[in-house]
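Participant:
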Amino acid sequence: MHEAVAVNPWVALAYLVAGVCFILALRGLSSPATSQRGNRFGMIGMGIAVVTTLVTHVPMQAVGLVLASPTGVIAATGPVFARIDALAVLEILAAIGIGAVIGLVTARRIAMTDMPQLVAAFHSLVGLAAVLVAAAAYLNPEAFGIAMRISPIFGPPIINILPVSRIEMGLGVAIGAITFSGSVIAFLKLNGNMGGKPIMLPGRHAINLATLAAILALIAYFTADQSPWVFWTITVLSFVIGFLLIIPIGGADMPVVVSMLNSYSGWAAAAMGFTLHNTAMIITGALVGSSGAILSYIMCRAMNRSFVSVIAGGFGGDSGGSSTGAAATDRPWKRGSAEDAAFLMSQAEQVIIVPGYGMAVAQAQHVLREMADKLKEHGVRVKYAIHPVAGRMPGHMNVLLAEANVPYDEVFELEDINSEFSQTDVAFVIGANDVTNPAAKTDKSSPIYGMPILDVEKAKTVLFVKRSMGGVGYAGVDNDVFYMDNTMMLLADAKKMVEEIVKSLD
Amino acid sequence: MDFIAILSIFVMACFVGYYVVWSVTPALHTPLMAVTNAISSVIIVGALIAAAASGSASSKWLGLLGVVLASVNIFGGFAVTARMLAMYKKKDRPVAK
Numbered sequence: 382m383h384e385a386v387a388v389n390p391w392v393a394l395a396y397l398v399a400g401v402c403f404i405l406a407l408r409g410l411s412s413p414a415t416s417q418r419g420n421r422f423g424m425i426g427m428g429i430a431v432v433t434t435l436v437t438h439v440p441m442q443a444v445g446l447v448l449a450s451p452t453g454v455i456a457a458t459g460p461v462f463a464r465i466d467a468l469a470v471l472e473i474l475a476a477i478g479i480g481a482v483i484g485l486v487t488a489r490r491i492a493m494t495d496m497p498q499l500v501a502a503f504h505s506l507v508g509l510a511a512v513l514v515a516a517a518a519y520l521n522p523e524a525f526g527i528a529m530r531i532s533p534i535f536g537p538p539i540i541n542i543l544p545v546s547r548i549e550m551g552l553g554v555a556i557g558a559i560t561f562s563g564s565v566i567a568f569l570k571l572n573g574n575m576g577g578k579p580i581m582l583p584g585r586h587a588i589n590l591a592t593l594a595a596i597l598a599l600i601a602y603f604t605a606d607q608s609p610w611v612f613w614t615i616t617v618l619s620f621v622i623g624f625l626l627i628i629p630i631g632g633a634d635m636p637v638v639v640s641m642l643n644s645y646s647g648w649a650a651a652a653m654g655f656t657l658h659n660t661a662m663i664i665t666g667a668l669v670g671s672s673g674a675i676l677s678y679i680m681c682r683a684m685n686r687s688f689v690s691v692i693a694g695g696f697g698g699d700s701g702g703s704s705t706g707a708a709a710t711d712r713p714w715k716r717g718s719a720e721d722a723a724f725l726m727s728q729a730e731q732v733i734i735v736p737g738y739g740m741a742v743a744q745a746q747h748v749l750r751e752m753a754d755k756l757k758e759h760g761v762r763v764k765y766a767i768h769p770v771a772g773r774m775p776g777h778m779n780v781l782l783a784e785a786n787v788p789y790d791e792v793f794e795l796e797d798i799n800s801e802f803s804q805t806d807v808a809f810v811i812g813a814n815d816v817t818n819p820a821a822k823t824d825k826s827s828p829i830y831g832m833p834i835l836d837v838e839k840a841k842t843v844l845f846v847k848r849s850m851g852g853v854g855y856a857g858v859d860n861d862v863f864y865m866d867n868t869m870m871l872l873a874d875a876k877k878m879v880e881e882i883v884k885s886l887d
Numbered sequence: 107m108d109f110i111a112i113l114s115i116f117v118m119a120c121f122v123g124y125y126v127v128w129s130v131t132p133a134l135h136t137p138l139m140a141v142t143n144a145i146s147s148v149i150i151v152g153a154l155i156a157a158a159a160s161g162s163a164s165s166k167w168l169g170l171l172g173v174v175l176a177s178v179n180i181f182g183g184f185a186v187t188a189r190m191l192a193m194y195k196k197k198d199r200p201v202a203k
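Just so you know, the sequences run in chain order A and B. The working numbering applies: residue 382 is where the first sequence begins, and numbers increase by one. The working numbering applies: residue 107 is where the second sequence begins, and numbers increase by one.
Structure below.
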């Protein structure tokens, strides 16, 4: 059946080594100390996979006896008459070179606050690449060793794609296309080209389910009929469903969406790995697929929401839901100045800083670290507390703090630091809101009920940096912390406020 | 290789992925996404095969385009991961003033 692929054990071994390198790359991320070595393993693995493929698939050009078959396909009579096609080799190297330049320049220039958009954009490329590979395999199945050639006595030979390969190919193209169009929408939302508010189509659940069912039915039908219309309809429908699935999801649910698309890009690679019988692709696909799935799970758990409810969408536009926020100002609250904040913190024994998406928007991480340095000069112990869904992607806050030279051993996860708030003098909340809302613990009717939160209200004093009293968090819920006796609201742009605090600390 | 052999590798790799990813520290979840992005571009293998094959011009050009996209991801993904990881420092290092 597979006479086209003579499996060379050394080649198979090389791909296996590449797969193991990828496992080691992820393993290295268990601690920042080993992470850079891990990343190098990843590069080595990729190098092995690419070089192995290049060496075993050198483009050949037929010379000497050439027969033109009735279909116009050129068939060489044997490898004796083939020589290396230098032009094709050059084209491939040029393609790699173009990609390398674009990739390296982007990686160097991108601002750390734009990382969620960049990751979404990269996901879309993996998705599109999977679609292209599947389409190429569909158009030239013999090159991929997935064809059966039947030569009737009369007429041109019939090339049939193996049925199992058709399923793999159909799944690969579908998942790839969903990853592509979904990631493009996620990118547009994260980059601000498209509003963060969910866009709700009437009857969208019915439309989505019908489209998904049609895609699956067509993949099943594809095994019986390999005509082009089946393949291309699967592709087009999958692009459409990717788009439909992401537009109703609000900006603040993007951590889940980005993780989910990460997972999909892995499954797409795995599906193509099945088609090509390539262990490196299968191992990678499984790793990336599980990675994205676990991250989605962690994010959903941190919001106490089910995966299905996030995917169904309609929750949470960007902050500033004016309808519910209006009532907020009726209750008494205290406003503080930068000088008050500086004085309170300089007298404290321990300050815990709680950053959120607002810090990223204001680019306040550098000046925040300056503030922490000044406080340390005053003999204050400074720690950072990170909620798992703070920001727009998993680990977003950690990267920004690392960029600002905050040592990673001062940065703590929710479960490691939550018990410390009761012995802390000042909790400094900057650009976070819902993740500090005690209603999640007490108010059963609240949309965020059950979500694990940072217990800032237990600190002796809470300093809450916020742009204005009108806006509420993305969940559209009022936060009782604002109105507590021990809370002081610092109403200003996060960066300006922290800059003033730094000045007052001198 | 037959389908079952490949499926076995896949299932085992899913378990490996499960345990390895749970051991990743939450502070490095963003680099994790960036690096998984880079390694999932191993799909370049398929694009290279298509680009090198003779017999179908359209298949070859799709392959070449796939090579460009995947290498953007490979080079960009690893470089941006390296850039992020280099920023994570411990307390004892002197802070740049």
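Note that the Cβ used here is the ideal one computed from N, Cα and C, for glycine as well.
Using a Cβ distance threshold of 8 Å, determine whether the stretch 741–756 of chain A contacts the stretch 111–120 of chain B, with at least three qualifying pairs required.
Facilitator: no
Participant: Which same chain residues end up closer than 7 Å to Val398 of chain A when comparing Cβ atoms and leaving out the 5 residues on each side of it in sequence?
Facilitator: Position 17 of the first sequence, counted from the first residue, corresponds to residue 398 of chain A. The residues are Ile429.
Participant: Taking CB distances under 7 Å as the criterion, tell me whether Ala163 of chain B reaches chain A.
Facilitator: As a first step, residue 163 of chain B must be located in the second sequence, where it is residue number 57. No, Ala163 of chain B does not count as interfacial toward chain A.
Participant: Start and end of the beta strand (DSSP E) containing Val439 of chain A?
Facilitator: Residue numbering aside, residue 439 of chain A sits at position 58 when the first sequence is read from its first letter. For Val439 of chain A, no beta strand (DSSP E) encloses it, and the DSSP letter there is neither H nor E.
Participant: Closer than 6 Å: is that where the CB of Ala185 of chain B sits relative to any heavy atom of the ligand NAD?
Facilitator: Ligands in the displayed structure: none, and consequently the ligand NAD is not present.
Participant: Is it buried or exposed for Asn589 of chain A, if we count other Cβ within 10 angstroms and need 16 for buried?
Facilitator: Here residue 589 of chain A corresponds to residue number 208 of the first sequence, with the count starting at 1. Buried, since its Cβ has 16 or more Cβ neighbours within 10 Å.
Participant: Does the beta-carbon of Ala502 of chain A have 16 or more other beta-carbons within 10 angstroms, so that it is buried, or is it exposed?
Facilitator: Counting from one through the first sequence, the residue named residue 502 of chain A turns up at place 121. The residue in question, Ala502 of chain A, is buried, as its Cβ has 16 or more Cβ neighbours within 10 Å.
Participant: For Ser532 of chain A, decide whether its Cβ has a neighbour in chain B, counting only Cβ atoms nearer than 7 Å.
Facilitator: Along the first sequence, one-based indexing puts residue 532 of chain A at 151. Ser532 of chain A does not count as touching chain B.
Participant: List, in order along the chain, the chain B residues whose C-beta lies closer than 7 Å to that of Phe503 of chain A?
Facilitator: Stepping through the first sequence from its first residue, residue 503 of chain A is reached at position 122. Going along chain B in sequence order, the residues near Phe503 of chain A (Cβ under 7 Å) are Asn143, Asn179, Gly182, Gly183.
Participant: Should Ser677 of chain A be labelled buried (16 or more other beta-carbon atoms within 10 Å of its own) or exposed?
Facilitator: Against the first sequence, residue 677 of chain A aligns to sequence position 296. Ser677 of chain A should be labelled buried.
Participant: Is there at least one Cβ from chain A nearer than 7 Å to Ile115 of chain B's Cβ?
Facilitator: If you number the second sequence from 1, residue 115 of chain B lands on position 9. For Ile115 of chain B, the answer is yes, since a Cβ of chain A falls inside 7 Å of its Cβ.
Participant: Ala110 of chain B touches chain A at which residues, Cβ-Cβ below 9 Å?
Facilitator: In the second sequence, counting from the first residue as 1, residue 110 of chain B sits at position 4. Contrary to the premise, residue 110 of chain B reads as Ile rather than Ala in this sequence. Under the 9 Å cutoff, chain A gives no residues; its nearest Cβ is about 11 Å from Ile110 of chain B.
Participant: Pull up the distance between the alpha-carbon of Ile559 of chain A and that of Ile600 of chain A, whole angstroms please.
Facilitator: For the purposes of this step, residue 559 of chain A is identified with residue 178 of the first sequence, where counting begins at 1. For the purposes of this step, residue 600 of chain A is identified with residue 219 of the first sequence, where counting begins at 1. Using only the alpha carbons, I get a separation of about 15 Å.
Participant: Taking the Cβ atom as the reference point for each residue, do Ile527 of chain A and Leu543 of chain A lie within a distance shorter than 7 Å?
Facilitator: Looking up residue 527 of chain A in the first sequence gives position 146. Looking up residue 543 of chain A in the first sequence gives position 162. Result yes, Cβ atoms of Ile527 of chain A and Leu543 of chain A sit closer than 7 Å.
Participant: In the structure shown, what three-state DSSP assignment does Gln607 of chain A receive?
Facilitator: If you number the first sequence from 1, residue 607 of chain A lands on position 226. Note: Gln607 of chain A maps to coil in three-state DSSP.
Participant: Within the continuous alpha helix (DSSP H) that includes Leu138 of chain B, where are the two ends?
Facilitator: In the second sequence, residue 138 of chain B corresponds to position 32, counting from 1. First-last of the alpha helix (DSSP H) with Leu138 of chain B: 135–146.
Participant: Using the three-state DSSP reduction, which class does Glu880 of chain A fall into: helix, strand or coil?
Facilitator: Counting from one through the first sequence, the residue named residue 880 of chain A turns up at place 499. Note: Glu880 of chain A maps to helix in three-state DSSP.
Participant: How is Lys196 of chain B classed by DSSP in three states: helix, strand or coil?
Facilitator: Position 90 of the second sequence, counting from 1, holds the residue named residue 196 of chain B. In the structure shown, Lys196 of chain B sits in coil (DSSP, three-state: anything other than H, G, I, E or B).
Participant: Suppose you measure from the CA of Ala469 of chain A to the CA of Ala649 of chain A; what does that come to, to the nearest Å?
Facilitator: Position 88 of the first sequence, counted from the first residue, corresponds to residue 469 of chain A. Position 268 of the first sequence, counted from the first residue, corresponds to residue 649 of chain A. Cα to Cα, Ala469 of chain A sits roughly 27 Å from Ala649 of chain A.
Participant: Measuring straight from C-alpha to C-alpha, what distance separates Leu138 of chain B and Arg712 of chain A?
Facilitator: Counted from its first residue, the second sequence places residue 138 of chain B at position 32. Counted from its first residue, the first sequence places residue 712 of chain A at position 331. Between Leu138 of chain B and Arg712 of chain A, the C-alpha separation is close to 43 Å.
Participant: Ignore the nearest five residues each way along the sequence and tell me which others in Gly714 of chain A's own chain have a CB closer than 8 Å to its CB.
Facilitator: Residue mapping note: residue 714 of chain A aligns to position 333 of the first sequence, counting from 1. Note that residue 714 of chain A is Trp in the sequence shown, not Gly. These residues qualify, in order along the chain: Met850, Phe863, Tyr864, Thr868, Met870.
Participant: Identify the continuous beta strand (DSSP E) that holds Tyr765 of chain A and give its terminal residues.
Facilitator: The count along the first sequence starts at 1 and reaches residue 765 of chain A at position 384. Per DSSP, Tyr765 of chain A belongs to the beta strand (DSSP E) from 762–767.
Participant: Between Tyr125 of chain B and chain A, is any beta-carbon pair separated by less than 7 Å?
Facilitator: The sequence position of residue 125 of chain B within the second sequence is 19, counting from 1. Not closer than 7 Å to any Cβ of chain A, the Cβ of Tyr125 of chain B fails to qualify, so no.
Participant: With DSSP as the reference, label Ile112 of chain B as helix, strand or coil.
Facilitator: Position 6 of the second sequence, counting from 1, holds the residue named residue 112 of chain B. Three-state DSSP puts Ile112 of chain B in a helix.
Participant: Using the beta-carbon count (16 or more within 10 Å), is Ile622 of chain A buried or exposed?
Facilitator: Counting from 1 along the first sequence, the entry for residue 622 of chain A is found at position 241. That one is buried.
Participant: With distance defined between alpha-carbon atoms, name the residue in A:Glu801, A:Leu520, A:Gly812 nearest to Asp836 of chain A.
Facilitator: Reading the first sequence from its first residue, position 455 is the one you call residue 836 of chain A. If we check each option's Cα against that of Asp836 of chain A, A:Glu801 comes out closest.
Participant: At a Cβ threshold of 7 Å, is Leu725 of chain A touching chain B?
Facilitator: Taking the first residue of the first sequence as 1, we reach residue 725 of chain A at position 344. So, not an interface residue.
Participant: Out of A:Pro833, A:Ala753, A:Asn786, A:Arg490, point me to the one whose CA is closest to Asn818 of chain A's CA.
Facilitator: Sequence index remark: in the first sequence, residue 818 of chain A carries index 437 (1-based). The residue with the shortest Cα to Cα distance from Asn818 of chain A is A:Pro833.
Participant: Which residues, in chain order, does the stretch 777–808 of chain A contribute to contact with chain B at a C-beta distance below 8 Å?
Facilitator: Taking 8 Å as the Cβ-Cβ cut-off against chain B, the residues of the stretch 777–808 of chain A that qualify are His777, Asn779, Val780, Ala783, Glu784, Asn786, Pro788, Tyr789, Asp790, Glu791, Val792, Glu794.
Participant: Ordered along the chain, which non-local residues of its own chain (more than five positions away) have a Cβ less than 7 Å from that of Arg547 of chain A?
Facilitator: To locate residue 547 of chain A, count along the first sequence from 1; it is residue 166. Excluding sequence neighbours, Arg547 of chain A sits near Phe603, Thr604, Gln607.
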